[in-house]
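The structure appears below as structure tokens.
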Amino acid sequence: MYDDFLAAHPEVPRRDDVDVVCWGDNPAYADEILGLIVGAAKRATATLAAGYLASSDPFPPLGAYWVCCDGSGRPRAVLRTTELRLGPFHSVDPQFARDEGEGDRTLQTWLDGHRAAYERQCAGLGIEFSEDLEVCFERFTLVWPPDLAD
Numbered sequence: 000m001y002d003d004f005l006a007a008h009p010e011v012p013r014r015d016d017v018d019v020v021c022w023g024d025n026p027a028y029a030d031e032i033l034g035l036i037v038g039a040a041k042r043a044t045a046t047l048a049a050g051y052l053a054s055s056d057p058f059p060p061l062g063a064y065w066v067c068c069d070g071s072g073r074p075r076a077v078l079r080t081t082e083l084r085l086g087p088f089h090s091v092d093p094q095f096a097r098d099e100g101e102g103d104r105t106l107q108t109w110l111d112g113h114r115a116a117y118e119r120q121c122a123g124l125g126i127e128f129s130e131d132l133e134v135c136f137e138r139f140t141l142v143w144p145p146d147l148a149d
């Protein structure tokens with residue numbers, strides 16, 4: 000899929016280290032999130048900064064292209080990071096919560112769901128969750144396949 004995208008967009012430099020993402024820890028969740036992306040409901044994601052730091056993975060670069068897979072690990076979409084912001088958990092706004100596209104898309108649902116997920120992640124990292132913890136707020140566009148592109 001990524002090779003098809005690159006062939007159609009020769010202006011995009013080829014990278015051998017393009018990120019490949021399969022959301023969540025189970026195939027059903029990955030398929031659910033992919034459905035939100037291809038259905039245009041989801042155009043944002045948020046990741047606890049401590050997770051990047053613990054894994055030594057770099058923060059996603061602005062303008063980067065990345066591949067989103069379904070629950071079976073098959074590439075289904077190419078996305079491009081269009082906005083990045085590092086800020087405390089409590090700085091999320093209603094529009095970002097809506098753009099994440101999950102649940103009823105309200106700020107309260109975003110706060111409740113992410114607080115629970117980040118509390119679990121923090122426990123695994125050996126740190127205590129706080130609403131002051133830094134989060135990487137990321138917006139993206141769907142650029143491939145062309146019939147689904149923004």
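Here the sequence shown is numbered in numbering that gives the first Met the number 0, starting from 0 and rising by one per residue.
All C-beta atoms in this analysis are idealised placements derived from N, C-alpha and C, irrespective of residue type, glycine included.
Check	Outcome
Residue nearest to residue 86 in terms of C-alpha spacing, selected from 13, 26, 134 and 37	134
Close beta carbons around residue 30, own chain, < 7 Å, minus the five adjacent residues each side	69 and 70
Local Cβ density within 10 Å of residue 19, reported as buried at 16 or more and exposed below that	exposed
Assumed close pair residue 143, residue 48 - CB separation to whole angstroms, cut-off 8 Å	Rounded, the Cβ-Cβ distance is 28 Å, inconsistent with contact.
Span of the beta strand (DSSP E), counted from its first residue to its last, around residue 82	74-87
C-beta contact flag for residue 58 and residue 95 at 7 Å	no
Nearest to residue 60 (by Cα), restricted to the options 145, 10, 82 and 4	82
Segment limits, alpha helix (DSSP H) that includes residue 109	106-124
Beta-bridge pairing of residue 97 - partner residues as DSSP gives them	According to DSSP, residue 97 bridges with nothing at all.
Environment of residue 45 [buried if 16+ CB atoms lie within 10 Å]	buried
Outcome for residue 64 when other beta-carbon atoms lying within 10 angstroms are tallied against a minimum of 16	buried
Alpha helix (DSSP H) segment containing residue 142, residue limits	Not the alpha helix (DSSP H): residue 142 falls in the beta strand (DSSP E), residues 133-143.
Enclosing beta strand (DSSP E) for residue 66 [first to last residue]	64-68
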